[in-house]
Amino acid sequence: MSSSNPLRDPADRRLPRIAGPSGLVIFGVTGDLSRKKLMPAVYDLANRGLLPPGFSLVGFARREWADEDFAQEVHDAVKEHARTPFREEVWQQLIQGMRFVQGTFDDDDAFERLRETIGELDKAQGTGGNFAFYLSVPPSSFPVVIQQLKKHGLADQSNGSWRRAVIEKPFGHNLASAEELNAIVHEVFAPDQVFRIDHYLGKETVQNILALRFANQMFEPIWNRSYVDHVQITMAEDIGIGGRAGYYDGIGAARDVIQNHLLQLMALTAMEEPSSFDADALAAEKTKVLGAVKLPKDLGANTVRGQYAAGWQGGEKAVGYLQEDGIDPKSKTDTYAAIKLEVDNRRWAGVPFYLRTGKRLGRRVTEIAVVFQRAPHSPFDHTATEELGQNAIVFRVQPDEGITVRFGSKVPGTSMEIRDVSMDFAYGESFTESSPEAYERLILDVLLGDSNLFPRTEEVELSWKILDPIEEYWDRHGKPAQYPSGTWGPVEADEMLERDGRSWRRP
Ligand code: BG6
């Protein structure tokens, strides 16, 4: 075949990208994230043939486990949570590279054992010294783990091998703590060795924002202040905090979700077209948008925080946040947050971006709605368009992944009446492949060293810069408004939009 054959082109992104010799070490392997997402994702990648034959998975935790106990844990997690069917032959291959290292993060002997284990896997499994260290641990443990990796030579890349650090959110608590953490991480790892996880960027529907905007001609000309009235980004969850009281209390909805997922969604929706699809070009455009965000002067009128009270969720009684196990009954932590932002540049000046998220809301849905201005002039009698809303393009991030375009259409009949209709694109109907889980995509990218879908230091810090004044304002003023579980949040959030002559969508 000639080198011009696209099937042979190494830059052809349609070809399956398969990781080279490598292994993954997970710190915090007994945690929820590891069991529900990370271990199943590793199996799903192996099952799809995207991991090298000698791929190795090392768990590091305090539990008194032998390698077999760890393998059993992975097995159970995979059986329960993997996306793809269980195949014994894939499992048998994967299990060859599974090891467990017992210890605490301050235990030098344990890190020595980890070093030896990696050396042994290089020989037995051919991992070539290439290891990613996944820190699925509370932020308070980042510094000690990073320092231990340095102290025991685990971050050193020698003889052409690579070492990478994967860091889960939350990355800090505010700008100052994020800067401190960044300094600690970058003392040990170079920027291209650090992969900060924002799992929303691993979702197909989120990557599709860029495809829709920049691979097509018909959307971009209207994607600006001349046509767009406002943008609404909603991430609603029906679940409460479950067993995560320890993590969640004191953090709250805005830090948990707006600082990372929602601001990233906003950046992708608002950014300029990057000069190419490479990581530097993408990061540069996202950074410009985040740097251009302007907060409203009156934070009291343009932000709302709420806390779920008792109510009904899916036909069942739900307790309020303050009655949840492990929550301080006086807690002021927000389980709902809504904020209004502007992107102060030529494309978006004057267009509000409304971001909201909450737990125990009406249903689970994440969407980005770009809502257009009304037509500047209507030749129809006002009675004909009384029922007509504003045109909108809605990215349905989850569930029911797809895109909806909403516009007016004549109601059939002899009179002229125009009402809203929807044109839907659904992933499930247009494609036969099911979407990989976000963590599959992101773990594979880490192993391949592809950093497109990982926020950079500057993005994380700029996002805290946006959130910090809001959190400080909330600290100084009152407490969260209560909303019954199973509703769409506090009435104050509806009032916030009403004052602007707008209303929240009810997805
Ligand atoms: C996490 C938050 O980042 O995202 C959780 O910490 C939240 O509080 C979760 O429940 C939601 O993720 P997804 O992919 O289910 O929308």
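Under UniProt numbering, the residue at position 376 of the sequence shown is numbered 376, and the numbers go up by one with no gaps.
The beta-carbon is built from N, C-alpha and C at its ideal position, and this holds for glycine as well.
Residue i burial status per 10 Å Cβ neighbour count (16 or more: buried)
| i | result |
| --- | --- |
| Gly-413 | exposed |
| Arg-506 | exposed |
| Phe-86 | exposed |
| Met-1 | Note on Met-1: pLDDT 40, under 50, position unreliable in the model; the coordinate value appears next. When all chains shown are included, Met-1 counts as exposed. |
| Gln-148 | buried |
| Asp-328 | exposed |
| Lys-203 | buried |
| Thr-432 | exposed |
| Arg-349 | Arg is not the amino acid found at residue 349; the sequence shown has Ala there. Ala-349 should be labelled exposed. |
| Glu-80 | exposed |
| Asn-302 | buried |
| Ile-403 | buried |
| Ser-3 | Unreliable placement is indicated for Ser-3, whose pLDDT of 44 sits below 50; no coordinate value is reported for it. |
| Lys-37 | buried |
| Glu-495 | exposed |
Residue j beta carbon less than 9 angstroms from that of residue i
| i | j | result |
| --- | --- | --- |
| Trp-464 | Gly-172 | yes |
| Ala-267 | Lys-286 | yes |
| Phe-195 | Trp-162 | no |
| Glu-273 | Arg-213 | yes |
| residue 576 | Pro-376 | Residue 576 is absent from the structure shown; the chain starts at 1 and stops at 507. |
| Phe-27 | Phe-105 | yes |
| Phe-353 | Ala-270 | yes |
| Met-416 | Asp-450 | no |
| His-230 | Arg-502 | yes |
| Gly-54 | Gln-96 | yes |
| Arg-360 | Asp-249 | no |
| Gln-193 | Ala-155 | yes |
| Leu-447 | Gly-20 | yes |
Range covered by the alpha helix (DSSP H) that runs through residue i
| i | result |
| --- | --- |
| Leu-38 | Per DSSP, Leu-38 belongs to no alpha helix (DSSP H) and is neither H nor E. |
| Phe-70 | 67 to 81 |
| Val-58 | Not the alpha helix (DSSP H): Val-58 falls in the beta strand (DSSP E), residues 56 to 61. |
| Gln-93 | 88 to 95 |
| Glu-495 | 491 to 498 |
| Leu-442 | 438 to 448 |
| Ala-245 | 245 to 248 |
| Gln-390 | Neither: Gln-390 is in no alpha helix (DSSP H) and is coded neither H nor E. |
Any non-hydrogen atom of the ligand BG6 closer than 8 angstroms to residue i Cβ
| i | result |
| --- | --- |
| Asp-256 | yes |
| Arg-305 | no |
| Asn-260 | yes |
| Glu-440 | no |
| Ile-239 | yes |
| Thr-366 | yes |
| Lys-479 | no |
| His-199 | yes |
| Tyr-134 | no |
| Met-235 | yes |
| Tyr-427 | no |
| Gln-313 | no |
The beta strand (DSSP E) enclosing residue i, as first and last residue numbers
| i | result |
| --- | --- |
| Thr-30 | Note, Thr-30: premise wrong, no beta strand (DSSP E); not H, not E. |
| residue 508 | Outside the displayed span of the chain (1 to 507) sits residue 508, for which this structure offers no information. |
| Gly-408 | 402 to 410 |
| Ser-422 | 418 to 426 |
| query | Hey, which unbroken runs of the alpha helix (DSSP H) at 4 residues or more fall wholly within the segment 111 to 179? | reply | Runs of alpha helix (DSSP H) with 4 or more residues, each lying fully within the segment 111 to 179, are found at 142 to 151, listed in chain order.
| field | Runs of beta strand (DSSP E) lying entirely within the segment 299 to 375, each at least 3 residues, in chain order | value | The beta strand (DSSP E) runs of length 3 or more contained entirely in the segment 299 to 375 are, from start to end of the chain, 303 to 309, 311 to 313, 316 to 318, 336 to 343, 352 to 358 and 365 to 372.
| query | Which runs of the beta strand (DSSP E) spanning at least 3 residues fall entirely within the segment 226 to 270, listed in chain order? | reply | Taken in chain order, the complete beta strand (DSSP E) segments of 3 residues or longer contained in the segment 226 to 270 are 228 to 236.
| request: For the segment 189 to 223, list the alpha helix (DSSP H) runs that are entirely contained and at least 4 residues long, ordered along the chain. | output: Qualifying alpha helix (DSSP H) stretches, in chain order: 204 to 214.
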